[in-house]
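Here the structure comes first, spelled out in structure tokens, and everything after it is commentary.
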Amino acid sequence: MSQLTLQNPVFVAYVIAASIMILKAASMSWLTVVQMIRFKGGYRSPEDLKKTPLNPAPHPEQLGPNEPVDRSRRIHMNDLENIPFFLAAGLLFVVTDPSLPLAQWLLYGYVVTRLLHFLAYLSAQIHEIRAALWTPGSLIILFMASRALMVAVSH
Amino acid sequence: MSQLTLQNPVFVAYVIAASIMILKAASMSWLTVVQMIRFKGGYRSPEDLKKTPLNPAPHPEQLGPNEPVDRSRRIHMNDLENIPFFLAAGLLFVVTDPSLPLAQWLLYGYVVTRLLHFLAYLSAQIHEIRAALWTPGSLIILFMASRALMVAVSH
Amino acid sequence: MSQLTLQNPVFVAYVIAASIMILKAASMSWLTVVQMIRFKGGYRSPEDLKKTPLNPAPHPEQLGPNEPVDRSRRIHMNDLENIPFFLAAGLLFVVTDPSLPLAQWLLYGYVVTRLLHFLAYLSAQIHEIRAALWTPGSLIILFMASRALMVAVSH
């Protein structure tokens, strides 16, 4: 019997957590776009200095560092380092048939701490706060993957 | 009943779209390699300046910016920001049991616009063209993840 | 019948390989953290220069290049370029119902070469050694995705 169906409440919890995290990560591109439009900079390609309707007065500094855009990119990068592995570890974890409360704590706990981490990073909180909000998510990924490994090895 | 089998034509469409996108993203590393060999630069690690059979005449500029190699890396980075989330959102979308035509439009539409986006980026088209070819794919990811979220929440 | 259950020994092999690779990639963040603490640098955000209990004597060079931290980030980046696509291609490959020995060779071969690649990159081996250990994994991803594509297209 497959655990990967919506008849399995643990998989339903996974789909909810995973889809929120996908929406979060995919939205980061749009935040970067918004910041590039607001600050007219933080571009990356030489062709972005061509005169176009959206960039009527190009100048070379537009390719240089731009803190608001770079911040959005750093947050995005942090998502790329974490969320794909959450998505994969969560799926493997569902297959190990965990109890529903454990699954909900881990999956929803991941979502909540990642969203708080985003707010802390966006508002430039000190590193200690960012780290405290990043750590639970990383431990959840490591725990889910370790459990999947142990269950599979002993199968 | 699991939707994640090749007896389900929606899943077949997903496997086709997903495998093409994996081939595309994994090929970007090879494009970067080709450009590094052609332009003998765009390297990243100090040890890449050691004299070896493949780099018989090393010089420090090989670690500096190199537009053809950097362009390949930027396209690759754009893939990393998008394709893993397409792969995950598409899988969750299949589980929501969409109609086959809707699934084919979204999954194959994603593939087509991503391949066109690649050609536009590689040939250094202006940002407006790149953006126009990136946007449909991003909206498809957001739509598929939103639908998965709504279906799971109402389950 | 779903192939994605632990009753399928090919899927068991996938879960073992995938969970090891997730643990590997997720551990890279911790290696970067360890290097940042050891070398008190390689930071990225302006707010990381604020005086805090973990950074009692901040100075601007902490935001500049820092080879040990940057090396950890480069290895991590290489993981992001490869492992998510291994995770996805491996899952699609399982669905094509390969023989168990073929699946074990490809899945465990990927894990072994990626771990050796990590050791080569961490110890700054020349590019030729790094490339020789990266190439098998990339070819395994391309092979698994190609097989999934061919099986799905002919379905």
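Protein chains in written order, with the numbering used here: chain A, 1 to 155; chain B, 1 to 155; chain C, 1 to 155. The C-beta atom is built at its ideal place from N, Cα and C for all residues, glycine as well.
Judging by CA-CA distance, which residue of the options is the nearest neighbour of residue i?
i        : options                                 : result
A/ILE141 : A/SER45, A/ARG38 and A/ASN82            : A/ASN82
A/VAL12  : A/PRO84, A/ALA103 and A/VAL111          : A/ALA103
C/PRO53  : C/ILE37, C/PRO46, C/ASN66 and C/ARG44   : C/ILE37
A/ASN66  : A/GLY90, A/ALA89 and A/THR32            : A/THR32
C/ILE20  : C/LEU91, C/ARG114, C/GLU47 and C/PRO46  : C/ARG114
C/PRO46  : A/ALA124, A/LEU139 and A/VAL112         : A/ALA124
C/ILE75  : C/ASN55, C/GLY109, C/LYS24 and C/GLU128 : C/LYS24
B/ARG147 : B/ASN55, B/ARG44 and B/LEU92            : B/LEU92
C/GLY109 : C/LEU139, C/GLU128 and C/ILE126         : C/LEU139
Starting from the C-beta of residue i, find all residues in its chain whose C-beta is less than 7 Å away, skip the five residues before and the five after it, and write them out in chain order.
i        : result
B/ASP70  : GLY42
B/VAL151 : THR96
B/LEU49  : PRO58, PRO60, GLN62 and LEU63
B/ALA26  : none
B/GLN35  : GLY42, PRO68, VAL69 and SER72
B/LEU80  : none
C/GLY90  : TYR14, ALA17, ALA18, LEU107 and MET144
B/VAL111 : ALA17, ILE20 and MET21
B/HIS127 : none
Residues of chain A with CB under 7 Å from residue i, in chain order?
i        : result
B/VAL153 : ILE16
C/ARG44  : ARG74
B/LEU92  : VAL15, ALA18 and SER19
C/PRO84  : PRO84
B/LEU116 : The premise fails here: B/LEU116 is roughly 16 Å from chain A at the closest Cβ pair, so nothing lies under 7 Å.
Can you tell me whether residue i is buried or exposed? The criterion is at least 16 other CB atoms within 10 Å of its CB, across all chains shown.
i        : result
C/PRO98  : buried
B/MET1   : exposed
C/HIS155 : exposed
A/VAL153 : exposed
C/VAL10  : buried
B/TRP30  : exposed
C/PHE39  : exposed
C/LEU119 : exposed
A/PRO84  : buried
A/LEU4   : buried
C/LEU149 : buried
B/LEU122 : exposed
So with CB distances below 8 Å, who are the chain C contacts of residue i?
i        : result
A/ALA124 : SER45, PRO46 and GLU47
A/ILE141 : ILE22 and ALA26
A/LEU4   : SER2 and LEU4
B/PRO53  : GLU128
Tell me which same chain residues have a C-beta within less than 6 Å of the C-beta of residue i, skipping the five on either side of it?
i        : result
C/VAL105 : According to the sequence provided, residue 105 of chain C is Trp. The question's Val does not apply to it. Around C/TRP105: no qualifying Cβ.
A/LEU87  : ALA18
B/ASN55  : none
Near residue i, which residues of its chain fall below 8 Å by C-beta distance, leaving aside the five closest residues on each side in sequence?
i        : result
C/LYS51  : ALA57 and PRO58
A/LEU100 : PRO9, VAL10 and ALA13
C/LEU6   : VAL12 and VAL15
B/HIS117 : ASN78, ARG130, LEU133, TRP134 and GLY137
B/VAL94  : GLN3, LEU4, ASN8, VAL10, PHE11, TYR14 and ALA103
A/MET28  : SER72, ILE75, HIS76 and ASP79
C/ARG44  : LEU63
Along chain A, which residues have their Cβ under 8 Å away from the Cβ of residue i?
i        : result
C/LEU80  : LEU80, GLU81 and PRO84
B/SER146 : SER19 and LEU23
Show which residues of chain C have a CB atom less than 9 Å away from the CB atom of residue i.
i       : result
B/LEU63 : By Cβ distance, chain C contributes nothing, its closest Cβ being about 11 Å from B/LEU63, past 9 Å.
Anything in chain C within Cβ reach of residue i, meaning under 7 Å, just list it in chain order.
i       : result
A/ALA88 : ALA18, ILE22 and LEU87
Below 7 Å on C-beta distance, what does residue i contact in chain B?
i        : result
C/SER138 : ALA26 and SER29
C/LEU106 : What C/LEU106 touches in chain B: nothing, since even the nearest Cβ is about 14 Å away.
A/LYS50  : ILE126
By the criterion of Cβ-Cβ separation under 8 Å, what are the contact partners of residue i in chain B?
i        : result
C/LEU149 : VAL15, ILE16, SER19, ILE20 and LEU23
Name the chain A residues that come within less than 9 Å of residue i, Cβ to Cβ?
i       : result
B/VAL95 : LEU4, THR5, LEU6, PHE11 and VAL15
Alpha helix (DSSP H) runs contained entirely in the stretch 79 to 145 of chain C, provided each spans 4 or more residues: 100 to 122
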